[in-house]
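The sequence shown begins at 0 in the numbering used here and counts up one residue at a time. Cβ atoms here follow ideal geometry from the backbone N, Cα and C, with glycine treated the same way. The structure presented is a predicted model; accordingly, all values stated were derived computationally and were not measured. Just below is one structure, and these are the notes that go with it.
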Amino acid sequence: MAVTYKAMATALLVGACLMPSTMAQAAETDGNTLLYSFPVNTEDSAGFIPANEHEKIVPDAFFVSGDRIFLDDTANNRIIIYRGQNFEKSIPLSPEMDVKLLFYSSEDDVLKMVYWDRFNENGSHFYLTSVSVSSGETVPAGQELSDGSRILLEYSFDSTGNLLTEYLSGEGTGAVLAYADAEPAVIAEGNAAGSECVGMGLAIDDTYSIYSIYMAGADRSTIGECIIINGGSDAFAYAVPETHEDSLERGNVQITESGEVFQMAVDATGVKIFRLGKQAGASMEDVSLLEREVDGISDMVAAPYASYKTMDTATIRARMDTYKDLKWVYNSTRNSNASVTADPGKVSQPGWITQNADGKDHILSNVPYCWGGWNAETYVKNINNGKYAGNVTTTAPGYVSGTVGMDCSGYVSVAFDLPYKHGTSTLSNCFTKISNTGNVRAYDILNKSGSHVLIVVKTYVQDGVRYVDTYEEAKSSGKIVFQTGRNYQSLLNSGYIPMRYNYLR
0 MAVTYKAMAT ALLVGACLMP STMAQAAETD GNTLLYSFPV NTEDSAGFIP ANEHEKIVPD
60 AFFVSGDRIF LDDTANNRII IYRGQNFEKS IPLSPEMDVK LLFYSSEDDV LKMVYWDRFN
120 ENGSHFYLTS VSVSSGETVP AGQELSDGSR ILLEYSFDST GNLLTEYLSG EGTGAVLAYA
180 DAEPAVIAEG NAAGSECVGM GLAIDDTYSI YSIYMAGADR STIGECIIIN GGSDAFAYAV
240 PETHEDSLER GNVQITESGE VFQMAVDATG VKIFRLGKQA GASMEDVSLL EREVDGISDM
300 VAAPYASYKT MDTATIRARM DTYKDLKWVY NSTRNSNASV TADPGKVSQP GWITQNADGK
360 DHILSNVPYC WGGWNAETYV KNINNGKYAG NVTTTAPGYV SGTVGMDCSG YVSVAFDLPY
420 KHGTSTLSNC FTKISNTGNV RAYDILNKSG SHVLIVVKTY VQDGVRYVDT YEEAKSSGKI
480 VFQTGRNYQS LLNSGYIPMR YNYLR
């Protein structure tokens, strides 16, 4: 079915991009409707916590059912339920559950969810679970969908709640194709004549498919996007998102059996849920495309004050694994002293560490996330001397003295043995942007200046879609994690720039 859906994606793209503007002018358009709006980090509301140089832990899954809204609140380990704008209740999640997809059946009052184990060092562990909403129980551990040896590439609930999956091996439970790159189509109408229009698709089931379309700029500095819905007929419906900071995610869009489309948008002000309006036809010229700045950080950076080392990939990988697998002894009496700062509110340890807060010695593996940190070379020595293990509180103006560990750019600095800690906005001192994004390879980095950075360790293609496996020091997990089967195009659309170390041997 993958080939069928990819062909459909191409057809949709060509239909969207080449439609005459006279047809678009004659089309009647329904406006988008704001159904729900939740501010950031207030009582009983969803929020997100600034992390790795403005990286965010955002609500990344929702579901609308009648006047109810189910919302994943990753930062606070819960599912929040509202009726209208009123908070109804919350369902507790275990700290490792990062929910990626929701489906609610009002008939049997069951909420289904796909979640990722964010505390597992191998980031390919996904699970399917369900909970009775009225019972008040904690969400139980789920059925494992994938692990390090069986990689889940794509997954989606159909309109009746069946989970469709696709694995790297070609196995699966149904026809699902998410983030499938469609062939570029040249826009012949509008003020963007001659530029390329490319897109990604998500097949909900055999009837409904969603395609996220964007204009490919020279350096992806801005992305214009609309959502195209195929309802199984000759008539196309176009729905235009209001705003969202990252590329289209599975959990950010919901389509009902009746064809209604909802989208969750997250920005600096909070979380909004829209019912998207339909258009009978449009050209790219007439769609109110979203423009967003991918890299707003100035390229003006400080010159390095020490020389860089020539590195080979084996050495880089060895350094990466050394700290992912680092063994050390944690004791909450010795390594959780918040008096390292005058303001205890500036420090907070990752959950995988605090679960061992019983005053006893525990042998742990991995180096914890620490805002502004990169002192991994002396990490064990510092821990044995009573330093504070990790810090996931990122509202402080910078590194808090007395804490030890690494943040995302600190991990890159350690992996490539850089002479001093670089931030995501200064990695361009020693990494160069890869102009041809198709040339990304192992031990390149994907950098989102002012936000986050990943290290690529493997690239591969299935059904025409490029995937990457990555290492990262992730605030959401509180440690170094390895993630498999990440869609490369989606990362690019989210603002990540592929870069290569200047001194790679």
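Measuring only the C-alpha atoms, how far is residue i from residue j?
i: Ser-306; j: Arg-485; result: 33 Å
i: Tyr-398; j: Arg-318; result: 23 Å
i: Glu-292; j: Ser-448; result: Only weak support exists for where Glu-292 lies, its pLDDT of 26 falling under 50; the value from the coordinates is given anyway. Approximately 11 Å between the Cα atoms of the pair.
i: Lys-271; j: Thr-32; result: 10 Å
i: Leu-163; j: Leu-127; result: 11 Å
i: Ser-257; j: Asn-492; result: 30 Å
i: Leu-505; j: Ser-476; result: Only positions 0 to 504 of the chain appear in the structure, and residue 505 is not among them; the question remains open.
i: Ala-375; j: Val-413; result: 7 Å
i: Ser-104; j: Leu-92; result: 19 Å
i: Val-109; j: Leu-101; result: 11 Å
i: Thr-255; j: Lys-386; result: 52 Å
i: Thr-377; j: Leu-325; result: 12 Å
i: Thr-321; j: Lys-88; result: 44 Å
i: Thr-392; j: Leu-167; result: 36 Å
i: Phe-62; j: Gln-84; result: 14 Å
Look up residue i in the DSSP assignment and say whether it is helix, strand or coil.
i: Trp-327; result: strand
i: Ala-60; result: coil
i: Arg-316; result: helix
i: Arg-499; result: strand
i: Gly-295; result: Here the model assigns Gly-295 a pLDDT of 26, short of 50, so the residue's position is not dependable and the matter cannot be decided.
i: Trp-115; result: strand
i: Val-455; result: strand
i: Ala-395; result: coil
i: Cys-369; result: strand
i: Lys-99; result: strand
i: Asn-390; result: strand
i: Leu-491; result: helix
i: Arg-249; result: helix
i: Val-464; result: strand
i: Glu-376; result: helix
i: Asn-85; result: strand
i: Asn-384; result: coil
i: Val-39; result: coil
i: Ser-364; result: strand
i: Gly-484; result: strand
i: Thr-469; result: strand
Confirm, please, whether the CB-CB distance from residue j to residue i is below 8 Å.
i: Phe-125; j: Leu-144; result: yes
i: Asn-435; j: Ile-496; result: no
i: Val-403; j: Asn-383; result: no
i: Gly-401; j: Thr-340; result: yes
i: Tyr-470; j: Val-460; result: no
i: Gly-122; j: Gln-488; result: no
i: Met-310; j: Arg-440; result: no
Compare the Cα-Cα distances from residue i to each of the options and report the closest residue.
i: Asp-357; options: Tyr-368, Gly-344, Ser-335; result: Ser-335
i: Asn-76; options: Leu-503, Trp-115, Phe-102; result: Trp-115
i: Trp-370; options: Asn-355, Val-346, Asn-384, Ile-352; result: Val-346
i: Ile-454; options: Thr-425, Ser-427, Tyr-410, Gly-463; result: Tyr-410
i: His-421; options: Gly-372, Lys-432, Asp-468; result: Gly-372
i: Glu-573; options: Ala-473, Gln-84, Ser-64; result: Look at the range of the chain in this structure, 0 to 504, and you will see that residue 573 is not part of it.
i: Asp-66; options: Val-467, Gly-160, Arg-274; result: Arg-274
i: Val-452; options: Thr-458, Val-464, Ile-479; result: Ile-479
i: Tyr-35; options: Gly-269, Val-138, Pro-349; result: Gly-269
i: Glu-153; options: Ser-134, Glu-136, Lys-99; result: Lys-99
Legend entry - Start-end ranges of the beta strand (DSSP E) lying completely within the segment 115–170, minimum 3 residues: 125–131, 142–145, 151–156, 162–166
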